[in-house]
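Read the structure below first, then the notes.
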Amino acid sequence: MRFSEENRCRPCRDSRKKVVILITSQLGGTDFLTEHTFGTIHVENKYASKELSRPRGARRTAEKSPLTTSGIGRDVVSEAIAYYVKYYLGSADVPTSAMSDLRKAVLCTTQCIDVMEAALSAAALAVFERVRCQQRVAFQAATYYQRALQALQTALLHIGEDDVGACLLAIFFMARYEDSIFEQGQNSAQRPVWSQSHHTGVIAVLEHWINMHQAPQQPTFSVTYARRMLSKAALLGHIDLPNWLEDGSAFGETGSRLSLDDMLVRLIALRKSMENLQTKERSLANSQAAEVLEREAMSIDRALLGWEYVCMKPKEFDEAGAKAAEEVRWYGYRMMTCRLRMQAMELLAPNSRNGLATHITEVSRQPNALAEGLRSAISSYLDRCLSRDYSKTTDGKNMCFTSTVRPYDSEEIVHPLMIALTTPYIDSRFVELFRTQLQHVGRSTGYGLVLAIASSPK
């Protein structure tokens, strides 16, 4: 009596399928059951031969749901914080060299006072509201921001050594909250006025940390990270960097990063001197001062080229993309140097020597070459970020962003792109390309200020 496949027991059905698979393979054919059945039979045979112990409980378990797919069983604040920590601070299983600077600063903070918790909640809710379109959390984000502001004012009155890192990170997260709620209809020029209080607060905390001990002390990474953020703001002209912040070695910078930091400090001083000189009337003395600044710009550019020759060799590139990020910053600094040099040469023009016009024309070709280098460096950096996520890389020519590029990775290119958009004599194709990239970063990260700057006319 023949039994149908439906009436047979499972071992019989599996044995029958195995015979069919073996016969088909011997005949040189293929069978649609091979991929789905043979692996199961192989495991079942291991259990039957007692080679492998059968696990207890159900044989199939439901897959775990993603961290942020639904809000069921979790309050919205916890969901927003989990989303922010995962996508903006970085995963916990990545190596130290691949961690974002912000995550390193958070991990080195020994104290988690109330102000840091409230500030992190405000930033996470603001980003979550913009990226995930959760309008219901806007009021909660503002509430946490006010709570963090009050707690910070109290904490700064009695700040201890263990509270320095937490206060610095709290100020940073509060600034991130303001960046996120910035709307495109507002004037982006108001942003430096808003952040002036935050920059002043960071400078005050760092000065307190410096004066806390007479002997030099080893800084935590939160101190190093805070100074790096101030240096970026100073290079864009948002703040004036105090003299006691110029020594990067006192704030944890070492190796090639210290060498690049020294050039950054020189660039900040050159930018400030150029702004002061541009406000004065043109005269012979001012023309001589402009010539000095032009030589300083040339010296910084040569130093940057020397740093690139020593520190940016291919064998020193690591899989985490740290060197690729350094290369992106390096091109941003060179574009700022080129911009300041051209401004100095324009001040020299009325009292120029013969041949200066030809020299200006030659120098004006440099921004396009640097723009091409920046485009290539950003593409290489994103490719390394994607390869770290074990996914397909993007097309370097088109510089396409995909969802696999995490926000903490894409934030590295914001500062160089802002510098590139303010550099003159760049072809319109590069301007549109950089503007598109900056707009995409603003939309994907949820930072309204970045999106507003990218959307504003040059």
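Numbering-wise, UniProt numbering puts 329 at position 329 of the sequence shown, and it's gapless, one number per residue. Backbone N, C-alpha and C define an ideal beta-carbon position, used for all residues, glycine too.
Linking Ile-453 to Asn-211 through their CA atoms gives a straight-line distance of about 37 Å. A direct Cα-to-Cα measurement between Ser-273 and Leu-293 gives close to 8 Å. Counted as a single uninterrupted DSSP element, the alpha helix (DSSP H) harbouring Phe-139 occupies residues 138 to 155. Here the region 143 to 152 lies against the region 117 to 124, with 3 or more beta-carbon pairs under 8 Å apart.
In this structure, His-208 sits away from Ala-175, with a CB-CB distance that is not shorter than 7 Å.
Secondary structure at Pro-55: coil, using DSSP grouped into helix, strand and coil. Cβ atoms of Phe-251 and Val-205 stay farther apart than 8 Å, at about 13 Å.
Leu-267 carries a helical assignment under DSSP once its states are collapsed to helix, strand and coil. By the C-beta density criterion, Tyr-225 is buried, having at least 16 other C-beta atoms within 10 angstroms. Unbroken beta strand (DSSP E) stretches of 3 residues or longer found wholly inside the region 230 to 260: none.
With fewer than three CB-CB distances shorter than 8 Å, the region 280 to 287 does not count as touching the region 253 to 261.
Annotation for Trp-244: Glu-207 and Ile-210 place their beta carbon closer than 8 Å to its own, counting only its chain and skipping 5 residues before and after. If the five residues before and after Leu-417 are omitted, its C-beta is found closer than 7 Å to the C-beta atoms of Phe-434, Gln-437 and Leu-438, all from its own chain and listed in chain order. DSSP, read as helix, strand or coil, puts Gln-278 in helix.
Taking C-beta atoms as the reference points, Tyr-177 and Ala-126 count as a pair closer than 7 Å.
Distance between Val-137 and Ser-376, taken at the CA atoms: about 39 Å. Phe-172 and Met-229 do touch by the CB rule: their CB atoms are close to 7 Å apart, below 8 Å. Rounded to the nearest angstrom, the gap between the Cα atoms of Lys-323 and Glu-372 is 18 Å.
Around the Cβ of Arg-334, a 10 Å sphere holds 16 or more other Cβ atoms; the residue is buried.
Gln-288: member of the alpha helix (DSSP H) spanning 284 to 311, first to last residue. The C-beta separation of Trp-307 from Ser-259 comes to about 6 Å, placing the pair in contact by the 8 Å criterion. Scanning its chain for C-beta atoms nearer than 8 Å, with the 5 sequence neighbours on each side dropped, one finds around Val-363 the residues Cys-338, Arg-341, Met-342 and Met-345, in chain order. Take the alpha-carbon of Tyr-309 and the one of Glu-246: they are about 24 Å apart.
Under the three-state reduction of DSSP output, Tyr-425 falls in the coil class, being neither helix nor strand. Under the criterion of beta carbons closer than 8 Å, Leu-235 and Ile-203 do not qualify as touching, at roughly 16 Å. Sixteen is the threshold: since fewer than 16 other Cβ atoms of the shown chains lie within 10 Å of the Cβ of Cys-133, the residue is exposed. Taking a C-beta distance under 7 Å as the contact criterion, Tyr-381 and Ala-325 qualify as a contact pair.
Around the C-beta of Arg-429, fewer than 16 other C-beta atoms lie within 10 Å, and the residue is accordingly described as exposed. The three-state reading of DSSP puts Ser-456 in coil, since its state is none of H, G, I, E or B.
Here DSSP, grouped into helix, strand and coil, assigns Lys-323 to helix. Excluding residues up to 5 positions away in sequence, Leu-270, Thr-337, Leu-340, Arg-341 and Ala-344 lie with their Cβ nearer than 7 Å to the Cβ of Ala-297 in the same chain. By the criterion of a C-beta distance shorter than 6 Å, Ser-410 is surrounded in its chain by Val-441, once the five residues flanking it on both sides are discounted.
With a cutoff of 7 Å on beta-carbon distance, Gly-448 and Glu-161 are scored as not near each other.
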